[in-house]
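Chains as they are written, first to last, in this note's numbering: chain F, 1 to 110; chain Z, 1 to 114.
Written out below as structure tokens is the structure these notes cover.
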């Protein structure tokens with residue numbers, strides 16, 4: 001039973017436009033949600049997080065939205081840049097560990 | 001050196017070999033983790049160590065054997081692996097409760113079992 005799901009394996013966006021990556025979860029007890037970015041041949045790097053008591057967190061071009069009633073979170077990247085091309089994982093925290101989704105490969109076209 | 005360092009970066013081993021993966025962190029973190037990343041699957045948590053004590057073994061086959069001699073070092077000993085064990089093995093570390101700060105991951109070891 002997959003508790004964190006990313007239903008879109010890939011996404012292509014034109015440079016300068018908005019990228020929206022989505023994630024759904026099933027466990028209402030998760031207390032933090034995070035997004036990680038992964039380039040080939042590198043480990044995932046932490047991008048942005050949101051507490052379950054918030055509905056929005058912003059950091060520069062990156063904004064994460066949390067809809068608790070729908071058990072859904074999304075990552076918005078505005079404007080998208082070619083360097084944003086990577087695999088993005090969402091993760092949910094329950095105590096000392098995270099549960100990850102399968103990832104969405106974002107390709108930003110120049 | 002800072003961050004989380006994993007060696008080797010690539011490993012090819014036969015099914016009868018014994019090898020070890022090494023992970024080292026100089027971040028002062030108390031918890032260390034092994035994750036497995038296979039194609040089209042979520043990152044799978046394998047083991048968790050908190051203050052050198054194993055706190056989770058996520059139903060991992062005994063052909064994978066972790067070792068955590070201190071809070072800065074973590075090993076994954078491998079023996080009699082199967083081809084389906086080929087994957088990217090990621091080490092991570094965190095404060096004892098990562099919360100909003102997340103893990104710090106290493107670059108991973110790409111393992112191929114032949």
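Just so it is clear, CB atoms sit at the ideal spot from N, CA and C, and this is done for glycine as well.
Contact between the stretch 9-24 of chain F and the stretch 71-78 of chain F is established, with three or more Cβ pairs separated by less than 8 Å.
For residue 76(F), the pairing in a beta bridge is given by DSSP as 20(F), 63(F). Cβ neighbours of residue 83(Z) within its own chain (closer than 8 Å, five residues either side excluded): 15, 113, 114. In this structure, the beta-carbon distance from residue 14(F) to residue 92(F) does not fall below 8 Å. Close to chain Z, meaning a Cβ-Cβ distance shorter than 8 Å, are the following residues of the stretch 1-28 of chain F: 2, 4, 9.
By the neighbour-count criterion, in which a residue is buried when 16 or more other Cβ atoms sit within 10 angstroms of its Cβ, residue 4(Z) is buried. Around residue 51(Z), the same chain offers 30 as residues with beta carbons nearer than 6 Å, after the five sequence neighbours per side are excluded.
In this structure the stretch 22-39 of chain Z does not lie against the stretch 74-86 of chain F, because fewer than three pairs of beta carbons, one per stretch, are closer than 8 Å. In this model, residue 54(F) and residue 66(F) are separated by some 7 Å (Cα to Cα). Within the same chain, 113 come within 6 Å of residue 85(Z) by CB-CB distance, once the 5 residues on both sides are set aside. Think of a sphere of 9 Å around the beta carbon of residue 107(Z): the chain F residues whose beta carbon falls inside it are 41, 42, 43, in chain order. Spanning the alpha carbons of residue 63(F) and residue 47(F) requires a straight line of approximately 10 Å.
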